[in-house]
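Participant: Got a structure for you, questions after.
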Amino acid sequence: MIKIALIGCTGSIGRQVLDVVRRYPERFSVSALVCGQNREALSALEGEFRPAVACLADKAPPDLFGDCDVAFIAAGGFCGLSYTLQAARAGKKIALANKESLVCGGELVMREVEARGLDLVPVDSEHSAIFQALGFRRGAPFRKLVLTASGGPFLHFTEEQLARVTAADALRHPTWNMGAKITVDSATLLNKGYEIIEAKWLYGAGFDRIGAVVHPESIVHSLVYFEDGAAVAQLGYPDMRVPIQLALTYPERLPCAADLDLPALGALHFERLPEEKFPCFRLAVEAGRAGGTCPTVLNGAAEVAVRAFLSGRITFPQIAETIGCALDRVPKSAADCFETLCEADLRARAAATSFIYGT
Ligand code: MG
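Note that the numbering used here has the sequence shown beginning at 7, numbered continuously upward.
Below you can see the structure in the form of structure tokens.
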């Protein structure tokens, strides 16, 4: 029986984690449930799963991870980082679906994980695909990683069209069904930039060995190129329950999704990522290369900008402008302690807010 402490239990990933638990009650149980604000949904889940702890994030006890085998970090945003660090310090296996933990806190998280020899398992479909292609060994040798990107709903839009898209347009993702923030981040391709930074930390690769390619069908979930030119990919219908379940049980695999029907799929397509039309991608990769607090500033500004876009306050291209402004205004420092990251996050939010609202 694997006991799961689930952080972000009412979000898109959290709900799918609980689907997996419902499907295999003899394999999984829930020791803790934490969510941001949705008290009603939380109490319904508490009644169903009977965890030792069920609380809102601001009421989480210090020994939140005491009883669990796996800390499943499915909360979205910078706030997820503190849970990842807490789980690492408690010496737990971590199933990581929170991107910001590695984007912002990669140095801190990997230091804890490596010092304690912890099992850090990626849940994101791309990183799960790479993990599988590497034979579940994050440290295995390879030549290059190629992340696939659906390209989002605006892949072939002109710059004029991009200037006019609305929040409702951005929330209509062609292949994946996800939360609002990540769906917008997929439309700006910021999400793919985040995943490149995550890959750097997860697989210890320099940025020149990590690329991205557009694959509109979202069937090939990413590829690893090896020294001899062999490329190994993982394929499947877009269904997050597969990487969620595998993160909990690997190397064992339990029945989950339907087999691919290749003749029904027909052709799969790949194309170059149109970086010039989606500046958020470049901003993310540059922030990742710059290191220190730059990715934290990028992320803090993006969280503010995406909220402003969703409420109709700014246009789609202004998301990138807001992030660029925050990166210009907030000076870089070393990302060697959590407090420094929190300060950079606050300064980035302030810079983004002042850029958007002119305060
Ligand atoms: Mg992904």
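Think of the CB as a built atom: it goes at the ideal place given N, C-alpha and C, for glycine as much as any other residue.
Please read all numbers here as calculations on a predicted model, not as lab measurements.
Considering only heavy atoms of the ligand MG, list every residue whose Cβ is less than 7 angstroms from one of them, following chain order.
Facilitator: Matched residues: D130, S131, E132, N197 and E201.
Participant: Okay, do the region 157–172 and the region 47–63 touch, 3+ Cβ pairs below 8 angstroms being the bar?
Facilitator: In short, these stretches do not touch, since the Cβ pair count stays below three.
Participant: In chain order, what residues of the same chain lie with their CB nearer than 7 angstroms to the CB of V291, ignoring the 5 residues before and after it?
Facilitator: In the sequence shown, counting from the first residue as 1, residue 291 sits at position 285. Closer than 7 angstroms at the Cβ level, and outside the excluded window around V291, lie G199, I202 and F213.
Participant: Tell me the residue span of the alpha helix (DSSP H) that contains G294.
Facilitator: To locate residue 294, count along the sequence shown from 1; it is residue 288. P285 to A296 is the extent of the alpha helix (DSSP H) around G294.
Participant: Taking 9 angstroms as the threshold (C-beta atoms), are L316 and R215 in contact?
Facilitator: The sequence position of residue 215 within the sequence shown is 209, counting from 1. The sequence position of residue 316 within the sequence shown is 310, counting from 1. Not in contact: R215 and L316 (Cβ atoms no closer than 9 angstroms).
Participant: Going by DSSP, what residues sit across from P128 in a beta bridge?
Facilitator: In the sequence shown, counting from the first residue as 1, residue 128 sits at position 122. Paired residues: L102.
Participant: Going by the beta-carbon positions, is the gap between L208 and R144 smaller than 9 angstroms?
Facilitator: For this step, residue 208 is matched to residue 202 along the sequence shown. For this step, residue 144 is matched to residue 138 along the sequence shown. In contact: L208 and R144 (Cβ atoms closer than 9 angstroms).
Participant: Pick from P67, Q43 and L39: whose alpha carbon is nearest that of R56?
Facilitator: Within the sequence shown, numbered from 1, the residue matching residue 56 stands at position 50. Cα-wise, what sits closest to R56 is L39.
Participant: Sort R319, P31 and M184 by Cα distance to R170 and report the nearest one.
Facilitator: Position 164 of the sequence shown, counted from the first residue, corresponds to residue 170. Nearest C-alpha to R170: R319.
Participant: What residue range is occupied by the uninterrupted alpha helix (DSSP H) comprising F4?
Facilitator: The structure shown has nothing for residue 4, since the chain only spans 7 to 365.
Participant: What residue from D25, A60, N104 and R33 has the CA that sits closest to I8's CA?
Facilitator: For the purposes of this step, residue 8 is taken as the residue at position 2 of the sequence shown. Considering only alpha carbons, the answer is R33.
Participant: In this structure, does DSSP put G157 in helix, strand or coil?
Facilitator: Taking the sequence shown and counting its residues from 1, the one referred to as residue 157 is at position 151. DSSP places G157 in coil when its eight states are reduced to three.
Participant: Going by the DSSP bridge assignment, what does L91 pair with across the sheet?
Facilitator: Here the question's residue 91 lines up with position 85 in the sequence shown. Looking at the DSSP assignment, L91 forms no beta bridge with any residue, so it has no partner.
Participant: Are the CB atoms of D73 and R247 within a distance shorter than 9 angstroms?
Facilitator: Here residue 247 is taken as the residue at index 241 of the sequence shown, counted from 1. Here residue 73 is taken as the residue at index 67 of the sequence shown, counted from 1. No, the Cβ-Cβ distance between R247 and D73 is not below 9 angstroms.
Participant: What separation, rounded to the nearest whole angstrom, lies between the Cα atoms of P261 and P244?
Facilitator: Your numbering for residue 261 matches position 255 in the sequence shown. Your numbering for residue 244 matches position 238 in the sequence shown. Cα-Cα distance, rounded: 15 angstroms.
Participant: So, F78 versus A101, is the Cβ gap smaller than 9 angstroms?
Facilitator: If you number the sequence shown from 1, residue 78 lands on position 72. If you number the sequence shown from 1, residue 101 lands on position 95. Yes, these two residues count as a Cβ contact at 9 angstroms.
Participant: Rounding to the nearest angstrom, what Cα-Cα distance links A146 and I136 in this structure?
Facilitator: Counted from its first residue, the sequence shown places residue 146 at position 140. Counted from its first residue, the sequence shown places residue 136 at position 130. Rounded to whole angstroms, A146 to I136 spans 11 angstroms at the Cα level.
Participant: Hey, could you find the ends of the beta strand (DSSP E) S37 is sitting in?
Facilitator: On the sequence shown, position 31 is the one that residue 37 refers to. Segment F34 to C41, the beta strand (DSSP E) holding S37.
Participant: Output the distance between the C-alpha atoms of L279 and L352, rounded to the nearest integer angstrom.
Facilitator: As a position in the sequence shown, residue 279 is number 273, starting the count at 1. As a position in the sequence shown, residue 352 is number 346, starting the count at 1. Their backbone Cα atoms lie some 31 angstroms apart in a straight line.
Participant: For F142, which of helix, strand or coil comes out of DSSP?
Facilitator: Position 136 of the sequence shown, counted from the first residue, corresponds to residue 142. Three-state result, F142: coil.
Participant: Whole-angstrom Cβ separation of E46 and H133, contact assumed at under 8 angstroms?
Facilitator: Locating residue 46 in the sequence shown gives position 40, where the first residue counts as 1. Locating residue 133 in the sequence shown gives position 127, where the first residue counts as 1. Not confirmed; about 32 angstroms, so no contact.
Participant: Could you give the C-beta distance for L62 and T16, rounded to a whole number, given that I count them as a contact under 8 angstroms?
Facilitator: Numbered from its first residue, the sequence shown carries residue 62 at position 56. Numbered from its first residue, the sequence shown carries residue 16 at position 10. About 10 angstroms separates the two Cβ atoms, so there is no contact after all.
Participant: Look up S339 in the DSSP assignment and say whether it is helix, strand or coil.
Facilitator: Position 333 of the sequence shown, counted from the first residue, corresponds to residue 339. Here S339 sits in coil by DSSP.
Participant: Per DSSP, E327 forms a beta bridge with which residues?
Facilitator: Your numbering for residue 327 matches position 321 in the sequence shown. Per DSSP, none; premise fails for E327.
Participant: Taking the beta carbon of A121 as the centre, do at least 16 other beta carbons fall within 10 Å, making it buried, or is it exposed?
Facilitator: Counting from one through the sequence shown, the residue named residue 121 turns up at place 115. Classification for A121: exposed.
Participant: Where do the N-terminal and C-terminal ends of the beta strand (DSSP E) with A237 fall, by residue?
Facilitator: Counting from 1 along the sequence shown, the entry for residue 237 is found at position 231. Element bounds for A237: A237 to L241.
Participant: Below 8 angstroms, can you find three or more Cβ-Cβ pairs linking the region 258–277 to the region 173–191?
Facilitator: Too few Cβ pairs lie closer than 8 angstroms, so no.
Participant: Let me know the secondary structure DSSP gives A263 once reduced to three states.
Facilitator: As a position in the sequence shown, residue 263 is number 257, starting the count at 1. Here A263 sits in coil by DSSP.
Participant: Can you give me the C-alpha to C-alpha distance between V115 and L268, rounded to a whole angstrom?
Facilitator: Position 109 of the sequence shown, counting from 1, holds the residue named residue 115. Position 262 of the sequence shown, counting from 1, holds the residue named residue 268. Computed Cα separation, rounded: 39 angstroms.
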